[in-house]
Every structure is written in structure tokens, then in C-alpha cells.
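Residue numbers (the numbering used here), protein chains in the order written: chain A, 9 to 366; chain B, 246 to 557; chain C, 266 to 530.
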Amino acid sequence: MALVELVNLGQQFQGNVILEAINLKVERGEAFALIGPTGAGKTTLLRLIDLLDSPVKGQIYFDGVDVTRSGRKRLAARRRMAYVQQKPIVFSMNVYDNVACGLKWRHQERKAIRKKVEEALELVSMADYQSRDAKTLSGGETQLVAIARALVTEPEMLLLDEPTANLDPVSTSKIESVLARIIQETRTTILMATHDMSQGQRLAQMIGVLMEGKLVQIGQKSEIFEKPLNLKVAGFVGMQNILKGVITSNEDGVVSIDVRGKLIEAISDYQAGEEVCVCIRPEDIALSFSKPSSSARNAFEGEIKSIISSGPLASVELDCGFPLVALMTVRSAKEMELGIGKRIFASFKATAVHVVKS
Amino acid sequence: MKRNWLTIALILIMAVSIIAGIPACGDNDDKAPTPAQTPIVTQSSPTPESTSVSVLPGKGRLRVATTTSLYDTGLWGYLEPMFEKKYGVELDVINVGSGIALKYGENGDVDVLTVHDKAAELKFIADGFGKERTIFAYNHFLIVGPADDPAGIKGMLPEDAFKKLAETGAATFVSRGDNSGTHSKEKAIWKAAGYDYAAIEKTGRWYVEAGQGMGPTLTMADEKQGYTLTDIGTFLAFEGKINLVPIVDQGSILLNVYSVIPVTKTKKPEMAQNMVNFLTSPEIQRLIGDYGVVQYGQPLFIPCAGQPEPTS
Amino acid sequence: MANPCSYPALASLNQHHSNRNAKVLLSELWDSIVKAIHLLVSLDHDVYEVAWRSLWIALASCGISFLLISLPLGSLIHFNRFPGKMILITLIQTLFSLPTVAVGLIVFMFISRSGPLGEFGLLFTPKGMIIGQIILVTPVTMGLVISALTGVDKAVPETATALGASRLQASLITITEAKFAMMTAFVMGFGRAISEVGVSLMVGGNIRGYTRTLTTAISLETAKGEIEFSLALGFILILIAVVVNVALLLLGRKRGPIRWLWSSS
Chain A
9 MALVELVNLG QQFQGNVILE AINLKVERGE AFALIGPTGA GKTTLLRLID LLDSPVKGQI
69 YFDGVDVTRS GRKRLAARRR MAYVQQKPIV FSMNVYDNVA CGLKWRHQER KAIRKKVEEA
129 LELVSMADYQ SRDAKTLSGG ETQLVAIARA LVTEPEMLLL DEPTANLDPV STSKIESVLA
189 RIIQETRTTI LMATHDMSQG QRLAQMIGVL MEGKLVQIGQ KSEIFEKPLN LKVAGFVGMQ
249 NILKGVITSN EDGVVSIDVR GKLIEAISDY QAGEEVCVCI RPEDIALSFS KPSSSARNAF
309 EGEIKSIISS GPLASVELDC GFPLVALMTV RSAKEMELGI GKRIFASFKA TAVHVVKS
Chain B
246 MKRNWLTIAL ILIMAVSIIA GIPACGDNDD KAPTPAQTPI VTQSSPTPES TSVSVLPGKG
306 RLRVATTTSL YDTGLWGYLE PMFEKKYGVE LDVINVGSGI ALKYGENGDV DVLTVHDKAA
366 ELKFIADGFG KERTIFAYNH FLIVGPADDP AGIKGMLPED AFKKLAETGA ATFVSRGDNS
426 GTHSKEKAIW KAAGYDYAAI EKTGRWYVEA GQGMGPTLTM ADEKQGYTLT DIGTFLAFEG
486 KINLVPIVDQ GSILLNVYSV IPVTKTKKPE MAQNMVNFLT SPEIQRLIGD YGVVQYGQPL
546 FIPCAGQPEP TS
Chain C
266 MANPCSYPAL ASLNQHHSNR NAKVLLSELW DSIVKAIHLL VSLDHDVYEV AWRSLWIALA
326 SCGISFLLIS LPLGSLIHFN RFPGKMILIT LIQTLFSLPT VAVGLIVFMF ISRSGPLGEF
386 GLLFTPKGMI IGQIILVTPV TMGLVISALT GVDKAVPETA TALGASRLQA SLITITEAKF
446 AMMTAFVMGF GRAISEVGVS LMVGGNIRGY TRTLTTAISL ETAKGEIEFS LALGFILILI
506 AVVVNVALLL LGRKRGPIRW LWSSS
């Protein structure tokens, strides 16, 4: 039985519909990432699951028990979950006392508390911070303390709202490694909301895409990222190349799509004449100066319009009659001596092309 | 959370205060220090010299409401420890005007009154609020004013002086305006001069109602360079502080008799009676007569217990 | 203080000048400060007795008002929703300006022997004064407790709830997070209590050795024309208030007392 089940959940705020028809099951021990753009309703959904707010429609089941309304059952269920908010606040006490809060409220023994707090701080690599004033911590440290504070209560379910949203890359990777550890070493069910789909991909196994208050797709991470159900999801999961076209032919599942006069080959079930969108991930596009003789069925010549580097990666934008964005390392780009205006070949496999109804 | 000594100290003080402060039934003493705590005195049989002393169990309290002229001159401060020592009680002396003192007596909030407003006192007793009226001292009122006597009333009789003040309306007169014994005497003089007091209040800005005790009234009269009616005791006590001088001090109407009245509603009638006995006892009478002589060169009060009531 | 003979030194200081000018006033003020120091240093019994009474009565009133009334009731009002909540809070704030004499009068009428609570014999006792001061001070402490709680980020009780705190536990931690503002609430209540005259005078009766406080003593000495003594008592009152306030405010600080007092931030 699923640990948490949401049936047709809906939520409103001041007359505006925030969430609609949410159906979700989270299994025990699962690491679930809820991804979606800012404002999609992720925080609202998490708050509903943590039973901080009551939904206007639908039911919530925790471990099989309907906890949508009843006060006492909600408190009992809430004590089996832990929620780390997006910008967690720490209380005006030292780190040890902060982490120990939840246990003190559950009236646990001092010795047991000490042991658990130290273990939790160890888990988040903050063991040396015990007597520090929690208000003096940096953003990343605060987040870790908040996570430890949540974990120490040994929740069956840990809810995290954008755990690295406001942090620098170093803190982000620290927290991600801590979360990865938690996911590996404990049996805690994790539900985490993030707008960073690659983070979701790194940490979770199951992904739910929340857009404009609706859960548009749920599935294994490979599914979501390789087979987004519609355009919006595709755009969100990083398929930067989205091109409109018409299917000209379909032979045994191999289709030809006319995109601005050029033909792109892909694998799809759609029939000739249908209007579709072609989605290609930038990292699936290979660039070369000579015409590729590889098995890539799609090869187009084009002119480099721009090269934008961010960190170790470079986005190369080409005009092949239609725009294409390819992704490579900055080093490769240098080695190839790519420059604006140069003519180059872009190639990608048919299997890398994802066809969606437009 | 770390406890530090400051927190503990304050919590302790607070706890002590709250414990001492939580209201309880009864009017027994609290934990605050009081000066000169004397041990409980019990006398089972009356001694030949003094009258019988009845002592309250524990350290009881006797409340006296007094007129301000007996208090502000320091007489009560002088007599208080003596009474407390002799009778083994705590004496609470509440210093208010005669009008208020009589009201407290009506309510039963005090046990004894020492006041100086004969008409009001008689009414008080007639209404059943007081047992009886025992005089124990007297002195005189006087009209004081600026040395240059702008209204030209020096040496006149009080009634005539008031008449002149009302007619000319030139010089300021400051009234107590607070229903005290002094104020009652002032009203009596206006009446004797043939005026309706309510009319006087409205005649003009020369008549000022201070609404305060004798001290502030004298100060106000001094500031305004005006006249006022005052008892001799407070006036002498304020001698160095103001520049007013006696203007009118002859006239039988200026007689000021102090009396002590036990309140009917008191819970301690015997101790209240003790106060009467105390004030009229020969040694205290003598002390009252000597009070202030050294400091002011003249007695402030003339003892008269047991004598027929003076008329001038 | 009723006996003029207890202050022989004072008699020589009593000079009333009919032409008051700034120089005279300043010298009087200075003499009062000197007198105040002298009274304190010489451990003058009457002054200490009266000062201690002012202090403990104000502490008791404020303590009871803050801990037993304002903190629980104020928290209840703040943490719950109910119709008319804003009206109630506004009313509490209006009562900040209760005139002390009016309160003194009303309390007097209640606890006088001829009043409904007469049998408890509370009139002209310190306990009666404490009751009156509690009535005076409670609107201030309660209003400021509510204000203090309002100033705490809503995330605090929410985080606590999310960590499994019951409603009571979440309320307690919110109160703790508002510690400094709570201290201010107490300090303000204490200030109002220790500096008021109306209630102490009417309900206490200014009885020497029993219900006389610094403020009622000041009023008495002023009426007797003892200006310098009054001012000296006034300075002592301010001194007590300063000491208590500083002590209370220091409680909330993390740094050492001297560094905190001297810091410029």
C-alpha cells in the first residue's frame, strides 16, 4: 500500500484555483521528485501532503488512513512526516537545541535525544556546529541544520521544498550529496519539490511534473526526460530544440518530418499528414566540420550563429534552415576552433528525436 | 537555555513580590518592613495609672483619618510611635481633608477620625456614623496675605475683612475649595458676613478655588500675592517658604477646635476608644501643648480635653 | 517624613525665593541631586523603606499582570481567530491611557468597606494597591504581548507544527522567539506601575510605614512645600527605574553585560 495517496485533490486560495485533480501515489522507500516551474503549486501541494493545510477538494490517505479532515489523526500522521520549507527558519537557540526540538516535543529522553541529534548532525556533516548560534549560519548551513532537524525525528516521509533553490553551487552539491546519502542509506520516503529538473533527475527515481496546478506526467525519470507527454513538459525538461513540422511518411515506425523544407527522421507512431513537434536534446546533437558518415540519419549543414558558454559547457546555436542548439564542453568547442559564421554539420540519431503532437 | 545569575536574581525578587502580593482575606500585615516594630504587649490587668489597655491579637492595625493640619504640622508623626508603643498596634494615619475623612468614616473604611468641622461632625454623629465627639485641642485660624495689604483689611474682624474683599474684588483670595474643615470655616465666615457662598464662588476672578491641601493653597496665595484663610500650624510650618504675613487674627469666629470621633462601623471599637483616651490623657495633652514651641517659638495647639468647649 | 525633626539638615536647605530665575532653579535641581545621593549613601531608613515598597509593589503588580494574565490571555487572543478580534485588540490599546486617578477611584469604590468587596479589608493596604496597579498595567502588558507575538514570523509556529509540535508547544516556541519584545512589554508595564500616583494615593492612603511609596511621598512632600526633598525622591525613583530596566533588558542579550551596554549597534 502506498505511504501517501492523493485522490482528486484540489486546492484554492482566495478564489483562485491553485491545484486541480491531483492524483498521486508515493510508495514506501521511494525517492520522488516533484518538478515544475515556479508558481506551479509545488509548495501548496507539499503543504497539503504534510497536513499543514486542508484541501478544498479530494482526499489524502496516509498509510491507508483518511487524514483529510480529522484533527487528531492529522497530528498523528504529521508526526510521522517531516517537512523542510523552502527558506527554513531556525529558532533562536544553538544548533543542537534546534535539531533536538522535534524530539523534545515528542517527550523523548535526554540521552536518547543526544544520541539521535549527534547522528543526524553527523549525517549532514554539521557535527562541529553543535553549540553555534543557529541564527549566525549561512544559507547552506541553515538548510543542512533544517534537514537534520527534520531527519532526527525519524520520519517515515521527508518532504523537501526546493532544498537548494537559494544556494550557491558548492552548498548545492553538498546538500545533494547529503540527500543522496539519505536516499541510499535509510528507508525514508522522500518527496522533494524542485524547479531544477536535472536535480530531480540526479536524485530521484520517480518524477512528477506539476504545471499550472495539474500533474501532467508521472513516471520513472527516464520516461519523463526522454518521452515528455506534451510540449510544455518537453520544454521544461530541457528539450531545448522544439520544431514544428508535418509528417510526410511513416514506414514501419520510422517517420519523415518536414521541418521548413528539410526532412528529419524519427521513430514515432504518428501517421502522415499529422502536425507534430520535433524535440531534440542539445546534448544529443554532434557537430563536425566534415559531413559525418556515422549512423546518424539526420545530418544538416548550418552556420554558427552564437556560442554561449556557461561554466564548463557551451551552447552552440546554429541556423540549418531551422534553428538548432547543440551542447558541448567548452574545451571541445575550443579544440574544434568553433567560431561565429563558420559553417558546420549538425547530426543526431533518429532515436534522439522525440515526436510530440503539437 | 543558559540560566545566568541575573535571571535568577530577578525571578527571585519577582517570586517574593508575588507571594507577598497575592491578595488574601483580612487586613493583616504584609512582608514589607515597617519601622520600629515593637513586640506584642499584653496586659491582663489594668495598671493604676493608665486606663485599661486592650490589645489586639497579633499585630493589628488601627486606621485614623485625620485632617491635614494635624498631619502636615508633624503632630501625628510625633504622636504615632507613642501610641503604637503603648497599645501594641500599627497605626495607619491617613492624611485627607475633614470632608473626605468624614466620608471614610461613613463607609467604615477607617476606625477613628480627628477632624475640625463641628457642624459636619455633629451631623455625622446624628446620622449614626460616629459614636461621640471628644474635643482634645484647639487653635485659631487666621487670614494671611501679602505684607503690603493691598485690600487694606489688616486688623479688621474676619467678617468685615471678607466683606471688604467681596465688595472691592480687587485683591485675590485663594480658597481651599475642597470641603475641608478650613473650607467649612471659610464658608461660615462668608455666611456670617451676609453672603451666599454659591454667589461668592461666581463673583469674579479674584476668588480662586485651589482644590488642594493647606500647603499648596498657601503656596498659591503666595504666588498670586493674595489672601487666604489658614490654620496657625500649617502657616508656621511654611514660614520660611512663603512671604505671606498674618493680616487678620482676631475674632471668635476664627476658633478652630479639633475633636476625635470613633467610627460606629469600626471593627475595633475598643482600640478606637483607646485613641480617644490617648489623646485626652494628661501626658499626651501636655505634649500636644508643648509641640512646636521649640521650633516655632509658640505652641501650635492648645490642649483642652475635659474642659468645656472654648468659644473664642 | 511627617516629623520635621527627622531631617535637621533639611531645615537649613529650605530656602524659598520669591524671585525664581533660571540660576536659582538650577541650583535647586543640583541641590536635589546632591540630596538624593546623600540619602542613598547614608542608607536613610525612611527613604529606603519607601523605595523598597515602590519597587516590590510595582514588581508584584507587573509580575502578576504579565505572567498570570497578559501572557496566557494575550497568547490566546493572538493565536486564535474569532469575530471581533481586531475590536478587542483596539480596545486593549485604548486602555493604555487609563487615567490613574480614575482607576484608583473605581478600585476604591469596590474595596471600600461599604463596597462589594469590602469584607476583604483591602483598602489602604499594599494588596489593594497591587490590585489597582494590576488593573492599570494589564492593558499595557497585554497589548504589548500581542504586539510582540504579532512580530514573530508566521513561519515559526508553522515550522514547529511541521516538526510535530502540538498547538501549545508551537505557541510556547513563538513566545520564546519574541523574548526581547516580551521583555519590553514587562518593562513598560513596570514603568507605568512604579511611576503612578493616582492608584497608590487613593487606594493606599499614603500611610507612613505601610502604604507610602516614592510617588505618594513625593506628592506629600510637595504639598508640604519640601521641594528639594521631593525632587530628591524623584531622582531616586528614576534611578530605580533605570537600574531595573537595564537589568531586565540585559536578560535577553547574548553578549556580556558591559559590552552590550557600550555597543553602538
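Yeah, the Cβ is synthetic: ideal placement off N, Cα and C, and Gly gets one too.
The structure displayed is predicted, hence computed values, not measured ones.
As assigned by DSSP and simplified to three states, the class of residue i
| i | result |
| --- | --- |
| T480(C) | helix |
| C287(A) | strand |
| T283(B) | Residue placement at T283(B) is poorly supported in this model, since its pLDDT is 28, which falls under 50; the coordinates are not used for a value here. |
| D141(A) | strand |
| F523(B) | helix |
| H362(A) | strand |
| P422(C) | helix |
| T197(A) | strand |
| R346(C) | coil |
| R306(B) | strand |
| Y323(B) | helix |
| M351(C) | helix |
| S297(B) | The predicted position of S297(B) is uncertain, since its pLDDT is 39 and thus under 50; a value taken from the coordinates is nonetheless stated next. Looking at S297(B) - three-state DSSP - the assignment turns out to be coil, as it is neither helix nor strand. |
| S290(B) | Confidence is the limiting factor: at S290(B) the pLDDT is only 35, short of 50, which leaves the residue's position unreliable and the question unanswerable from this model. |
| E311(A) | strand |
| Q94(A) | coil |
Residue i to residue j span [Cα, whole Å]
| i | j | result |
| --- | --- | --- |
| T480(C) | V468(C) | 13 Å |
| N258(A) | R77(A) | 53 Å |
| S298(A) | A334(A) | 16 Å |
| G456(B) | A371(B) | 28 Å |
| S377(C) | G369(C) | 12 Å |
| A497(C) | W435(B) | 41 Å |
| L513(C) | A120(A) | 35 Å |
| L187(A) | K124(A) | 18 Å |
| K143(A) | M247(A) | 41 Å |
| S362(C) | G72(A) | 57 Å |
| D317(B) | I339(B) | 11 Å |
Beta carbon of residue i nearer than 7 Å to that of residue j
| i | j | result |
| --- | --- | --- |
| I316(A) | S323(A) | yes |
| G349(A) | M219(A) | no |
| G23(A) | G66(A) | no |
| T197(A) | R36(A) | yes |
| F386(B) | K432(B) | no |
| P403(B) | G305(B) | no |
| V363(A) | S276(A) | yes |
| Y349(B) | V355(B) | yes |
| I288(A) | F330(A) | no |
| I506(B) | V389(B) | no |
| G339(C) | I411(C) | yes |
| I265(A) | V241(A) | no |
Contact with chain C by residue i, beta-carbon distance below 7 Å
| i | result |
| --- | --- |
| C328(A) | no |
| G110(A) | yes |
| P461(B) | yes |
| M520(B) | no |
| I26(A) | no |
| S298(A) | no |
| M327(B) | no |
| S100(A) | yes |
| D317(B) | yes |
Counterpart residues of residue i in DSSP-defined beta bridges
| i | result |
| --- | --- |
| R82(A) | Answer by DSSP bridge pairing: none, since R82(A) is not bridged. |
| G548(B) | Strictly speaking, residue 548(B) in this sequence is Pro, with Gly absent from that position. Note: P548(B) sits in a beta bridge opposite A382(B). |
| S257(A) | S264(A) |
| S420(B) | E454(B) |
| N340(B) | T311(B) |
| I68(A) | L14(A) |
Interface flag, residue i vs chain B, CB-CB below 7 Å
| i | result |
| --- | --- |
| A430(C) | no |
| L388(C) | yes |
Any chain A beta carbon closer than 7 Å to residue i
| i | result |
| --- | --- |
| A443(C) | no |
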